[in-house]
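If you read the sequence shown in full-length UniProt numbering, its first letter stands for residue 1, the second for the next number, and so on.
Yeah, the Cβ is synthetic: ideal placement off N, Cα and C, and Gly gets one too.
To start, the structure itself, in C-alpha coordinates.
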Amino acid sequence: MQKWLGLWKMDLVQKVSHGVLHKSFEEPVAFTNHDCVVLGEIYPEQDQESSPEQGEQDSGYRSEVASGGFFSTLFGRENSSYTRDFLLDVRSRVNFTYRTRFVPIERAPDGPSPLSLNVLVRTNPINTIENYITNPDCFNTDIGWGCMIRTGQSLLGNALQIVHLGRDFRINSNESLERESKFVDWFNDTPEAPFSLHNFVSAGTELSGKRPGEWFGPAATARSIQFLIYGFPECGINDCIVSVSSGDVYENEVEEVFVKNPDSRILFLLGVKLGIDAVNESYRESICGILNSVHSVGIAGGRPSSSLYFFGYERNEFLHFDPHIPQPAIEDCFVESCHTTKFGKLQLSEMDPSMLIGVLIKGEEDWQRWKLEIAESTIINVLPKRMNGFDLNCSVDDIESIDSDSMEKDTRNNEIPGMIGGDYVDIGAVVPHSTNAEEYDCFQDIHCKNQKIVVMGNTHAVNANLTDYEVEGVLVEKETVGIPSPIDDKC
1 MQKWLGLWKM DLVQKVSHGV LHKSFEEPVA FTNHDCVVLG EIYPEQDQES
51 SPEQGEQDSG YRSEVASGGF FSTLFGRENS SYTRDFLLDV RSRVNFTYRT
101 RFVPIERAPD GPSPLSLNVL VRTNPINTIE NYITNPDCFN TDIGWGCMIR
151 TGQSLLGNAL QIVHLGRDFR INSNESLERE SKFVDWFNDT PEAPFSLHNF
201 VSAGTELSGK RPGEWFGPAA TARSIQFLIY GFPECGINDC IVSVSSGDVY
251 ENEVEEVFVK NPDSRILFLL GVKLGIDAVN ESYRESICGI LNSVHSVGIA
301 GGRPSSSLYF FGYERNEFLH FDPHIPQPAI EDCFVESCHT TKFGKLQLSE
351 MDPSMLIGVL IKGEEDWQRW KLEIAESTII NVLPKRMNGF DLNCSVDDIE
401 SIDSDSMEKD TRNNEIPGMI GGDYVDIGAV VPHSTNAEEY DCFQDIHCKN
451 QKIVVMGNTH AVNANLTDYE VEGVLVEKET VGIPSPIDDK C
(Lines of atoms letter the chains of each structure in order from A and count residues from 1; the text may use other names and numbers.)
(Lines give C-alpha, C1' and ligand atoms only; values in the text may rest on other atoms or scores of the structure.)
Protein backbone atom coordinates (compact mmCIF):
# COMPACT_ATOMS: atom_id res chain seq x y z
CA MET A 1 0.00 0.00 0.00
CA GLN A 2 2.84 2.37 0.81
CA LYS A 3 4.36 1.74 -2.64
CA TRP A 4 1.11 2.64 -4.41
CA LEU A 5 0.69 5.70 -2.17
CA GLY A 6 4.13 6.83 -3.36
CA LEU A 7 3.00 6.21 -6.95
CA TRP A 8 -0.09 8.36 -6.40
CA LYS A 9 2.05 11.14 -4.95
CA MET A 10 4.40 11.15 -7.93
CA ASP A 11 1.40 11.18 -10.27
CA LEU A 12 0.12 14.27 -8.43
CA VAL A 13 3.54 15.96 -8.75
CA GLN A 14 3.53 15.36 -12.50
CA LYS A 15 0.00 16.78 -12.85
CA VAL A 16 0.96 19.93 -10.98
CA SER A 17 4.20 20.34 -12.95
CA HIS A 18 2.55 19.76 -16.33
CA GLY A 19 -0.47 22.13 -15.52
CA VAL A 20 -1.94 -8.26 -27.13
CA LEU A 21 -0.60 -9.22 -29.78
CA HIS A 22 3.08 -9.92 -30.50
CA LYS A 23 4.28 -9.27 -34.00
CA SER A 24 6.48 -12.15 -35.17
CA PHE A 25 8.60 -12.09 -38.28
CA GLU A 26 7.53 -15.48 -39.56
CA GLU A 27 3.80 -14.71 -39.30
CA PRO A 28 3.36 -10.92 -39.29
CA VAL A 29 0.18 -9.58 -37.73
CA ALA A 30 -1.92 -7.50 -40.07
CA PHE A 31 -2.68 -4.06 -38.70
CA THR A 32 -4.35 -0.87 -39.87
CA ASN A 33 -3.66 2.78 -39.31
CA HIS A 34 -6.37 2.68 -36.61
CA ASP A 35 -4.27 0.40 -34.40
CA CYS A 36 -2.09 1.60 -31.54
CA VAL A 37 1.49 0.32 -31.60
CA VAL A 38 3.87 0.28 -28.62
CA LEU A 39 7.41 -0.99 -29.35
CA GLY A 40 6.28 -3.91 -31.51
CA GLU A 41 3.03 -4.62 -29.63
CA ILE A 42 -0.18 -4.03 -31.61
CA TYR A 43 -3.44 -3.00 -29.92
CA PRO A 44 -6.42 -2.99 -32.32
CA GLU A 45 -9.37 -0.72 -31.67
CA GLN A 46 -11.60 -2.40 -29.13
CA ASP A 47 -14.88 -2.02 -30.98
CA GLN A 48 -13.45 -3.80 -34.03
CA GLU A 49 -11.26 -6.53 -32.62
CA SER A 50 -11.81 -7.27 -28.93
CA SER A 51 -13.67 -10.26 -27.59
CA PRO A 52 -16.90 -9.84 -25.58
CA GLU A 53 -14.99 -10.72 -22.40
CA GLN A 54 -12.38 -8.07 -23.14
CA GLY A 55 -15.12 -5.58 -23.94
CA GLU A 56 -16.76 -6.20 -20.58
CA GLN A 57 -13.40 -5.86 -18.80
CA ASP A 58 -12.60 -2.55 -20.53
CA SER A 59 -16.16 -1.31 -19.99
CA GLY A 60 -15.76 -1.97 -16.27
CA TYR A 61 -12.39 -0.20 -16.32
CA ARG A 62 -13.88 2.88 -17.99
CA SER A 63 -16.69 2.95 -15.44
CA GLU A 64 -14.07 2.85 -12.69
CA VAL A 65 -12.26 5.80 -14.29
CA ALA A 66 -15.50 7.76 -14.66
CA SER A 67 -16.37 7.19 -11.02
CA GLY A 68 -13.01 8.44 -9.81
CA GLY A 69 -11.87 5.05 -8.47
CA PHE A 70 -8.46 3.41 -8.35
CA PHE A 71 -7.85 3.32 -12.11
CA SER A 72 -8.66 7.02 -12.32
CA THR A 73 -5.56 7.62 -10.21
CA LEU A 74 -3.48 5.02 -12.03
CA PHE A 75 -4.32 5.82 -15.64
CA GLY A 76 -5.98 9.24 -15.68
CA ARG A 77 -9.36 10.39 -16.90
CA GLU A 78 -7.95 11.74 -20.17
CA ASN A 79 -6.91 8.23 -21.33
CA SER A 80 -10.26 6.56 -20.67
CA SER A 81 -10.89 5.95 -24.39
CA TYR A 82 -7.96 3.49 -24.58
CA THR A 83 -8.08 -0.15 -23.64
CA ARG A 84 -6.66 -1.26 -20.34
CA ASP A 85 -4.04 -3.51 -21.99
CA PHE A 86 -2.71 -0.63 -24.09
CA LEU A 87 -2.46 1.72 -21.11
CA LEU A 88 -0.84 -0.94 -18.95
CA ASP A 89 1.81 -1.44 -21.64
CA VAL A 90 2.43 2.31 -21.88
CA ARG A 91 2.57 2.58 -18.08
CA SER A 92 5.13 -0.23 -17.94
CA ARG A 93 7.61 1.52 -20.26
CA VAL A 94 10.45 3.43 -18.59
CA ASN A 95 10.31 7.23 -18.80
CA PHE A 96 12.96 9.63 -17.49
CA THR A 97 12.33 13.37 -17.11
CA TYR A 98 13.93 16.56 -15.85
CA ARG A 99 14.81 16.45 -12.15
CA THR A 100 15.36 19.17 -9.57
CA ARG A 101 17.45 19.34 -6.38
CA PHE A 102 19.78 16.47 -7.29
CA VAL A 103 23.39 16.09 -6.13
CA PRO A 104 25.11 19.22 -7.52
CA ILE A 105 27.13 19.05 -10.77
CA GLU A 106 29.99 21.53 -10.80
CA ARG A 107 29.94 24.19 -13.48
CA ALA A 108 32.83 24.29 -15.98
CA PRO A 109 34.98 27.46 -15.68
CA ASP A 110 33.97 28.56 -19.19
CA GLY A 111 30.58 26.83 -19.18
CA PRO A 112 26.98 28.05 -18.93
CA SER A 113 25.64 29.55 -15.74
CA PRO A 114 23.41 27.39 -13.52
CA LEU A 115 21.08 30.37 -13.04
CA SER A 116 18.78 30.87 -16.03
CA LEU A 117 15.32 32.18 -16.79
CA ASN A 118 14.25 28.67 -17.86
CA VAL A 119 15.01 27.30 -14.39
CA LEU A 120 13.32 30.20 -12.59
CA VAL A 121 10.12 29.80 -14.62
CA ARG A 122 9.88 26.00 -14.58
CA THR A 123 10.78 25.17 -10.98
CA ASN A 124 10.21 26.56 -7.52
CA PRO A 125 12.06 29.94 -7.49
CA ILE A 126 12.84 29.49 -3.77
CA ASN A 127 14.71 26.26 -4.53
CA THR A 128 16.63 27.96 -7.34
CA ILE A 129 17.65 30.91 -5.18
CA GLU A 130 18.58 28.57 -2.34
CA ASN A 131 20.84 26.57 -4.66
CA TYR A 132 22.39 29.74 -6.06
CA ILE A 133 23.26 30.89 -2.53
CA THR A 134 24.59 27.53 -1.27
CA ASN A 135 26.09 26.20 -4.58
CA PRO A 136 26.50 29.21 -6.91
CA ASP A 137 28.80 27.32 -9.28
CA CYS A 138 26.80 24.09 -9.47
CA PHE A 139 23.79 22.72 -11.33
CA ASN A 140 21.13 20.99 -9.24
CA THR A 141 18.65 20.63 -12.10
CA ASP A 142 18.85 19.81 -15.82
CA ILE A 143 15.85 21.97 -16.77
CA GLY A 144 16.56 23.69 -20.08
CA TRP A 145 19.46 21.49 -21.22
CA GLY A 146 19.03 17.84 -20.22
CA CYS A 147 16.11 16.67 -22.40
CA MET A 148 18.23 14.75 -24.94
CA ILE A 149 20.07 13.01 -22.11
CA ARG A 150 16.73 12.05 -20.56
CA THR A 151 15.34 10.61 -23.81
CA GLY A 152 18.63 8.74 -24.27
CA GLN A 153 18.18 7.34 -20.76
CA SER A 154 14.62 6.30 -21.66
CA LEU A 155 15.86 4.49 -24.76
CA LEU A 156 18.58 2.70 -22.77
CA GLY A 157 16.24 2.01 -19.85
CA ASN A 158 13.68 0.26 -22.05
CA ALA A 159 16.44 -1.79 -23.67
CA LEU A 160 17.61 -2.91 -20.23
CA GLN A 161 14.04 -3.69 -19.18
CA ILE A 162 13.71 -6.08 -22.14
CA VAL A 163 17.10 -7.65 -21.39
CA HIS A 164 16.31 -8.29 -17.72
CA LEU A 165 12.51 -8.72 -17.62
CA GLY A 166 11.38 -9.40 -21.19
CA ARG A 167 9.09 -7.39 -23.47
CA ASP A 168 5.96 -8.84 -21.85
CA PHE A 169 6.82 -7.29 -18.45
CA ARG A 170 3.96 -5.28 -16.97
CA ILE A 171 3.64 -3.26 -13.77
CA ASN A 172 0.78 -4.95 -11.95
CA SER A 173 1.99 -5.42 -8.39
CA ASN A 174 4.48 -4.24 -5.79
CA GLU A 175 6.57 -7.29 -6.64
CA SER A 176 6.92 -6.24 -10.28
CA LEU A 177 8.12 -2.80 -9.20
CA GLU A 178 10.69 -4.35 -6.91
CA ARG A 179 11.97 -6.58 -9.74
CA GLU A 180 12.34 -3.54 -11.98
CA SER A 181 14.03 -1.35 -9.38
CA LYS A 182 17.25 -3.38 -9.75
CA PHE A 183 18.14 -1.73 -13.06
CA VAL A 184 16.03 1.45 -12.85
CA ASP A 185 18.10 2.49 -9.82
CA TRP A 186 21.12 2.56 -12.15
CA PHE A 187 19.63 5.83 -13.52
CA ASN A 188 19.19 7.64 -10.23
CA ASP A 189 20.69 11.14 -10.20
CA THR A 190 23.77 10.43 -8.11
CA PRO A 191 27.41 10.10 -9.22
CA GLU A 192 27.41 6.49 -7.97
CA ALA A 193 24.66 5.32 -10.37
CA PRO A 194 26.27 4.07 -13.61
CA PHE A 195 23.69 5.64 -15.99
CA SER A 196 22.91 8.80 -14.01
CA LEU A 197 22.71 12.27 -15.51
CA HIS A 198 25.99 12.97 -13.71
CA ASN A 199 27.79 10.21 -15.58
CA PHE A 200 26.20 11.17 -18.92
CA VAL A 201 27.57 14.68 -18.40
CA SER A 202 31.04 13.34 -17.50
CA ALA A 203 31.06 11.12 -20.60
CA GLY A 204 29.84 14.00 -22.76
CA THR A 205 32.67 16.19 -21.53
CA GLU A 206 35.28 13.53 -22.20
CA LEU A 207 34.00 12.30 -25.58
CA SER A 208 32.17 15.25 -27.13
CA GLY A 209 33.46 18.35 -25.36
CA LYS A 210 30.04 19.02 -23.80
CA ARG A 211 30.19 21.12 -20.63
CA PRO A 212 27.63 20.84 -17.82
CA GLY A 213 24.56 22.85 -18.80
CA GLU A 214 25.08 22.39 -22.54
CA TRP A 215 22.48 20.62 -24.68
CA PHE A 216 23.44 17.21 -26.10
CA GLY A 217 22.73 16.22 -29.69
CA PRO A 218 21.93 12.65 -30.84
CA ALA A 219 25.61 11.89 -31.57
CA ALA A 220 26.89 13.04 -28.16
CA THR A 221 24.10 11.07 -26.47
CA ALA A 222 24.90 7.90 -28.43
CA ARG A 223 28.62 8.15 -27.66
CA SER A 224 27.85 8.60 -23.96
CA ILE A 225 25.51 5.59 -23.85
CA GLN A 226 28.12 3.41 -25.55
CA PHE A 227 30.86 4.59 -23.20
CA LEU A 228 28.76 4.00 -20.08
CA ILE A 229 27.69 0.52 -21.23
CA TYR A 230 31.32 -0.48 -21.77
CA GLY A 231 32.17 0.87 -18.32
CA PHE A 232 29.44 -1.22 -16.68
CA PRO A 233 29.38 -4.71 -18.28
CA GLU A 234 27.12 -5.95 -15.46
CA CYS A 235 24.25 -4.12 -17.18
CA GLY A 236 23.59 -7.16 -19.39
CA ILE A 237 24.18 -5.57 -22.80
CA ASN A 238 27.24 -7.24 -24.31
CA ASP A 239 27.96 -4.70 -27.03
CA CYS A 240 26.84 -1.31 -28.29
CA ILE A 241 27.41 -0.37 -31.91
CA VAL A 242 26.90 3.28 -32.79
CA SER A 243 26.52 5.14 -36.06
CA VAL A 244 26.40 8.91 -35.63
CA SER A 245 25.90 9.81 -39.30
CA SER A 246 23.85 7.08 -40.97
CA GLY A 247 21.58 4.10 -40.55
CA ASP A 248 24.27 1.74 -41.83
CA VAL A 249 25.13 -1.48 -40.01
CA TYR A 250 28.04 -3.69 -41.13
CA GLU A 251 27.61 -7.46 -41.11
CA ASN A 252 31.27 -8.33 -40.60
CA GLU A 253 31.49 -6.18 -37.46
CA VAL A 254 28.32 -7.64 -35.96
CA GLU A 255 29.29 -11.22 -36.76
CA GLU A 256 32.62 -10.71 -34.98
CA VAL A 257 30.59 -10.23 -31.80
CA PHE A 258 28.59 -13.42 -32.35
CA VAL A 259 31.75 -15.45 -33.01
CA LYS A 260 32.73 -14.76 -29.40
CA ASN A 261 29.23 -15.36 -28.02
CA PRO A 262 26.24 -16.40 -30.21
CA ASP A 263 23.85 -15.17 -27.50
CA SER A 264 25.32 -11.66 -27.27
CA ARG A 265 22.89 -8.82 -26.73
CA ILE A 266 23.75 -5.90 -29.00
CA LEU A 267 22.29 -2.40 -28.80
CA PHE A 268 22.41 -0.48 -32.09
CA LEU A 269 22.24 3.31 -31.82
CA LEU A 270 21.72 4.84 -35.25
CA GLY A 271 21.88 8.63 -35.55
CA VAL A 272 20.14 9.79 -38.72
CA LYS A 273 18.83 13.00 -40.23
CA LEU A 274 15.80 12.41 -42.43
CA GLY A 275 15.62 15.70 -44.28
CA ILE A 276 16.87 19.26 -44.02
CA ASP A 277 14.37 21.22 -41.94
CA ALA A 278 11.66 18.58 -41.57
CA VAL A 279 11.24 14.82 -41.94
CA ASN A 280 10.60 13.82 -45.52
CA GLU A 281 7.14 12.26 -45.83
CA SER A 282 8.61 9.32 -47.75
CA TYR A 283 10.18 8.06 -44.50
CA ARG A 284 6.85 7.66 -42.68
CA GLU A 285 6.43 3.96 -43.51
CA SER A 286 10.00 3.12 -42.46
CA ILE A 287 9.66 5.02 -39.15
CA CYS A 288 6.43 3.15 -38.41
CA GLY A 289 8.17 -0.10 -39.35
CA ILE A 290 10.96 0.63 -36.86
CA LEU A 291 8.53 1.33 -34.00
CA ASN A 292 6.40 -1.69 -34.94
CA SER A 293 9.39 -4.02 -34.71
CA VAL A 294 9.83 -6.38 -31.75
CA HIS A 295 13.48 -5.30 -31.83
CA SER A 296 12.69 -1.61 -31.29
CA VAL A 297 13.60 0.19 -28.06
CA GLY A 298 12.29 3.52 -29.30
CA ILE A 299 13.50 6.70 -30.94
CA ALA A 300 14.98 9.75 -29.22
CA GLY A 301 13.97 12.68 -31.38
CA GLY A 302 11.29 15.34 -31.17
CA ARG A 303 11.02 18.98 -32.09
CA PRO A 304 14.02 21.23 -32.85
CA SER A 305 16.15 21.52 -29.66
CA SER A 306 13.38 19.81 -27.71
CA SER A 307 13.90 16.06 -27.48
CA LEU A 308 11.07 13.54 -27.00
CA TYR A 309 11.06 9.76 -26.59
CA PHE A 310 8.93 8.04 -29.25
CA PHE A 311 7.62 4.58 -28.33
CA GLY A 312 4.83 3.98 -30.83
CA TYR A 313 2.14 5.45 -33.04
CA GLU A 314 -1.62 5.70 -33.46
CA ARG A 315 -3.12 6.34 -36.88
CA ASN A 316 -0.98 9.12 -38.39
CA GLU A 317 0.49 10.39 -35.13
CA PHE A 318 3.58 9.30 -33.22
CA LEU A 319 3.27 8.64 -29.48
CA HIS A 320 5.91 10.02 -27.15
CA PHE A 321 6.91 10.68 -23.56
CA ASP A 322 7.90 14.27 -22.80
CA PRO A 323 10.98 14.69 -20.57
CA HIS A 324 10.23 18.39 -20.00
CA ILE A 325 8.15 17.63 -16.89
CA PRO A 326 10.25 18.41 -13.82
CA GLN A 327 10.16 16.03 -10.88
CA PRO A 328 12.12 16.24 -7.62
CA ALA A 329 15.16 13.99 -7.32
CA ILE A 330 14.22 11.20 -4.92
CA GLU A 331 15.61 7.88 -3.77
CA ASP A 332 12.47 6.41 -2.21
CA CYS A 333 9.82 5.46 -4.78
CA PHE A 334 12.23 6.36 -7.61
CA VAL A 335 11.08 3.47 -9.80
CA GLU A 336 7.42 4.53 -9.47
CA SER A 337 8.31 8.05 -10.61
CA CYS A 338 9.73 6.63 -13.87
CA HIS A 339 6.33 5.46 -15.16
CA THR A 340 3.33 7.31 -16.52
CA THR A 341 0.43 6.98 -18.94
CA LYS A 342 0.63 10.65 -19.86
CA PHE A 343 1.88 10.68 -23.44
CA GLY A 344 1.78 13.12 -26.30
CA LYS A 345 1.16 12.80 -30.03
CA LEU A 346 3.10 14.43 -32.84
CA GLN A 347 2.55 14.62 -36.58
CA LEU A 348 5.45 13.68 -38.83
CA SER A 349 5.55 17.23 -40.19
CA GLU A 350 6.22 18.55 -36.66
CA MET A 351 9.18 16.25 -35.97
CA ASP A 352 12.82 17.33 -36.11
CA PRO A 353 14.67 15.32 -38.81
CA SER A 354 17.57 14.50 -36.45
CA MET A 355 16.89 11.42 -34.35
CA LEU A 356 18.54 8.52 -32.57
CA ILE A 357 17.09 5.08 -33.35
CA GLY A 358 17.48 2.25 -30.83
CA VAL A 359 17.46 -1.44 -31.84
CA LEU A 360 18.10 -4.38 -29.50
CA ILE A 361 19.32 -7.69 -30.92
CA LYS A 362 19.29 -10.72 -28.60
CA GLY A 363 21.52 -13.33 -30.16
CA GLU A 364 22.57 -14.49 -33.61
CA GLU A 365 19.17 -15.91 -34.60
CA ASP A 366 17.53 -12.60 -33.67
CA TRP A 367 20.10 -10.83 -35.86
CA GLN A 368 19.18 -12.96 -38.87
CA ARG A 369 15.45 -12.24 -38.38
CA TRP A 370 16.05 -8.51 -38.02
CA LYS A 371 18.10 -8.34 -41.23
CA LEU A 372 15.17 -9.78 -43.19
CA GLU A 373 12.72 -7.51 -41.39
CA ILE A 374 14.46 -4.27 -42.40
CA ALA A 375 15.38 -5.36 -45.93
CA GLU A 376 12.98 -2.82 -47.46
CA SER A 377 13.72 0.00 -45.00
CA THR A 378 14.69 3.35 -46.51
CA ILE A 379 16.46 4.34 -43.29
CA ILE A 380 18.42 1.30 -42.05
CA ASN A 381 20.85 -0.57 -44.29
CA VAL A 382 22.77 -3.76 -43.54
CA LEU A 383 25.96 -3.77 -45.62
CA PRO A 384 28.59 -6.54 -45.89
CA LYS A 385 31.46 -4.34 -44.74
CA ARG A 386 32.60 -0.75 -44.43
CA MET A 387 33.59 1.10 -47.58
CA ASN A 388 37.05 2.65 -47.75
CA GLY A 389 37.34 6.39 -47.35
CA PHE A 390 38.93 8.70 -49.87
CA ASP A 391 41.34 11.62 -49.77
CA LEU A 392 40.88 15.14 -51.09
CA ASN A 393 43.78 16.94 -52.71
CA CYS A 394 43.27 20.17 -50.81
CA SER A 395 45.85 22.30 -49.10
CA VAL A 396 46.00 22.00 -45.33
CA ASP A 397 45.77 25.79 -45.32
CA ASP A 398 42.29 25.52 -46.79
CA ILE A 399 40.83 22.44 -45.10
CA GLU A 400 40.98 20.78 -41.74
CA SER A 401 40.41 17.17 -42.74
CA ILE A 402 39.13 14.28 -40.69
CA ASP A 403 40.45 10.96 -41.88
CA SER A 404 37.53 8.53 -42.14
CA ASP A 405 39.63 5.48 -41.36
CA SER A 406 41.00 6.98 -38.16
CA MET A 407 37.49 8.02 -37.11
CA GLU A 408 35.94 4.68 -37.88
CA LYS A 409 38.07 2.39 -35.77
CA ASP A 410 36.47 -0.51 -33.96
CA THR A 411 33.38 0.89 -32.22
CA ARG A 412 33.88 -1.53 -29.39
CA ASN A 413 37.42 -0.70 -28.24
CA ASN A 414 36.80 2.92 -27.17
CA GLU A 415 39.71 4.29 -29.22
CA ILE A 416 37.34 6.78 -30.78
CA PRO A 417 33.92 5.76 -29.43
CA GLY A 418 30.77 5.93 -31.45
CA MET A 419 31.94 6.64 -34.95
CA ILE A 420 30.58 4.76 -37.95
CA GLY A 421 30.55 6.65 -41.19
CA GLY A 422 29.72 4.01 -43.78
CA ASP A 423 29.34 5.54 -47.18
CA TYR A 424 29.12 9.00 -45.66
CA VAL A 425 32.34 10.95 -45.69
CA ASP A 426 33.06 13.20 -42.72
CA ILE A 427 35.53 15.80 -43.94
CA GLY A 428 35.24 18.45 -41.27
CA ALA A 429 35.24 22.17 -42.00
CA VAL A 430 36.34 23.79 -45.22
CA VAL A 431 37.53 27.16 -43.95
CA PRO A 432 38.94 29.89 -46.21
CA HIS A 433 41.61 32.31 -45.03
CA SER A 434 39.37 35.30 -44.86
CA THR A 435 38.15 37.66 -42.18
CA ASN A 436 34.77 37.69 -43.90
CA ALA A 437 33.39 34.73 -41.93
CA GLU A 438 29.80 35.91 -42.46
CA GLU A 439 30.07 35.22 -46.19
CA TYR A 440 30.45 31.51 -45.46
CA ASP A 441 27.68 31.10 -42.90
CA CYS A 442 25.37 29.76 -45.62
CA PHE A 443 27.37 26.54 -45.94
CA GLN A 444 25.81 23.53 -44.24
CA ASP A 445 27.11 20.21 -42.94
CA ILE A 446 25.53 17.77 -45.34
CA HIS A 447 25.88 14.05 -46.05
CA CYS A 448 24.08 12.55 -49.02
CA LYS A 449 23.22 8.90 -48.81
CA ASN A 450 25.50 6.66 -50.89
CA GLN A 451 27.40 9.65 -52.22
CA LYS A 452 30.84 10.97 -51.38
CA ILE A 453 30.77 14.72 -50.98
CA VAL A 454 32.69 17.50 -49.33
CA VAL A 455 31.19 18.72 -46.08
CA MET A 456 31.21 22.50 -45.86
CA GLY A 457 31.22 24.28 -42.53
CA ASN A 458 31.84 27.71 -41.03
CA THR A 459 34.80 29.16 -39.22
CA HIS A 460 33.48 28.23 -35.79
CA ALA A 461 34.86 24.75 -36.40
CA VAL A 462 38.43 25.95 -36.94
CA ASN A 463 40.95 24.39 -34.57
CA ALA A 464 38.22 22.24 -33.02
CA ASN A 465 39.38 18.76 -32.28
CA LEU A 466 37.38 15.75 -33.43
CA THR A 467 35.37 15.29 -30.29
CA ASP A 468 34.20 18.90 -30.36
CA TYR A 469 32.84 18.74 -33.88
CA GLU A 470 29.54 16.93 -34.18
CA VAL A 471 28.49 16.31 -37.79
CA GLU A 472 24.88 15.44 -38.50
CA GLY A 473 24.07 13.39 -41.58
CA VAL A 474 21.22 14.03 -43.99
CA LEU A 475 19.53 11.09 -45.66
CA VAL A 476 18.25 12.45 -48.95
CA GLU A 477 15.14 10.72 -50.26
CA LYS A 478 13.44 12.32 -53.27
CA GLU A 479 15.01 15.66 -52.47
CA THR A 480 17.71 17.82 -53.97
CA VAL A 481 20.08 19.58 -51.60
CA GLY A 482 21.46 22.83 -52.90
CA ILE A 483 24.90 24.02 -51.76
CA PRO A 484 25.93 27.63 -52.49
CA SER A 485 28.98 28.17 -54.65
CA PRO A 486 32.01 29.45 -52.73
CA ILE A 487 33.12 32.99 -53.45
CA ASP A 488 36.65 31.83 -54.18
CA ASP A 489 37.47 28.40 -55.51
CA LYS A 490 39.87 27.28 -52.80
CA CYS A 491 39.97 23.53 -53.51
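Asked	Found
Per-residue DSSP class, three states only, for S282	helix
Assigned exposure category for Y261 - 16 Cβ within 10 Å defines buried	The question names Tyr, but residue 261 is Asn in the sequence shown. Exposed, by the Cβ-count rule.
Coil, strand or helix - R265 by DSSP	strand
Per-residue burial, L274 [other beta carbons within 10 Å of its own, 16 or more giving buried]	buried
Own chain partners of K96 with C-beta closer than 7 Å, once the 5 adjacent residues on each side are dropped	Looking at the sequence provided, one finds Phe at residue 96 rather than Lys. Answer for F96: R150, Q153, S154, G157, F187, P323, C338, listed in chain order.
contact_flag[the stretch 374-385, the stretch 282-291] where n(CB pairs < 8 Å) is 3 or more	yes
Where the beta strand (DSSP E) containing S181 begins and where it ends	From DSSP, S181 is part of no beta strand (DSSP E) but of the alpha helix (DSSP H) over 174-184.
Pick from A220, I325, T205, V359 that is closest to F311, judged by C-alpha positions	V359
Pick from F343, N292, S349 that is closest to S282, judged by C-alpha positions	S349
Reduced DSSP category for V103 - H, G, I as helix; E, B as strand; rest coil	strand
Rounded separation between L356 and L197 - CA only	18 Å
C-alpha distance - residue 493 paired with L267, whole-angstrom precision	Since the first residue of the chain shown is 1 and the last is 491, residue 493 is not available in this structure.
Expected contact under 8 Å - CB spacing of P212 and I105 to nearest Å	5 Å
Length at least 4, wholly inside the stretch 146-226: the alpha helix (DSSP H) runs in chain order	147-165, 174-184, 197-208
Burial state of S245 (16 or more Cβ within 10 Å)	buried
Start and end residues, beta strand (DSSP E) containing D89	From DSSP, D89 is part of no beta strand (DSSP E) but of the alpha helix (DSSP H) over 84-92.
Burial state of V94, where buried means 16 or more other Cβ atoms lie within 10 Å	buried
DSSP three-state assignment for K273, whether helix, strand or coil	strand
Close beta carbons around G344, own chain, < 6 Å, minus the five adjacent residues each side	H320, D322
Own chain partners of E180 with C-beta closer than 6 Å, once the 5 adjacent residues on each side are dropped	V335
Rounded Cβ spacing between A329 and R99 (contact assumed at less than 8 Å)	4 Å
Sub-7 Å separation of A222 and V242 beta-carbons	yes
Nearest candidate by alpha-carbon position, reference W367, set S296, I379, P109, S202	S296
First through last residue of the alpha helix (DSSP H) which encompasses E255	251-260
Candidates E192, G363, R170: closest to residue 529 by CA position	Given a span of 1 to 491 for the chain in the structure shown, any question on residue 529 remains unanswerable.
Proximity winner among D248, F102, A159, relative to I143 (alpha-carbon distances)	F102
Residue nearest to D185 in terms of C-alpha spacing, selected from N381, D332, S354	D332
Check whether A219 and G271 have beta carbons under 7 Å apart	yes
Whether C138 touches S307 by CB criterion (7 Å)	no
Reference L87; option with closest CA among G236, F183, V38, G231	V38
Beta-carbon proximity of V163 to R265, cut-off 7 Å	yes
The beta strand (DSSP E) enclosing L372, as first and last residue numbers	Taken as a continuous stretch (DSSP letters only), L372 belongs to no beta strand (DSSP E), being part of the alpha helix (DSSP H) at 364-373.
Runs of beta strand (DSSP E) wholly within the stretch 339-364 (minimum 3 residues, chain order)	344-347, 354-362
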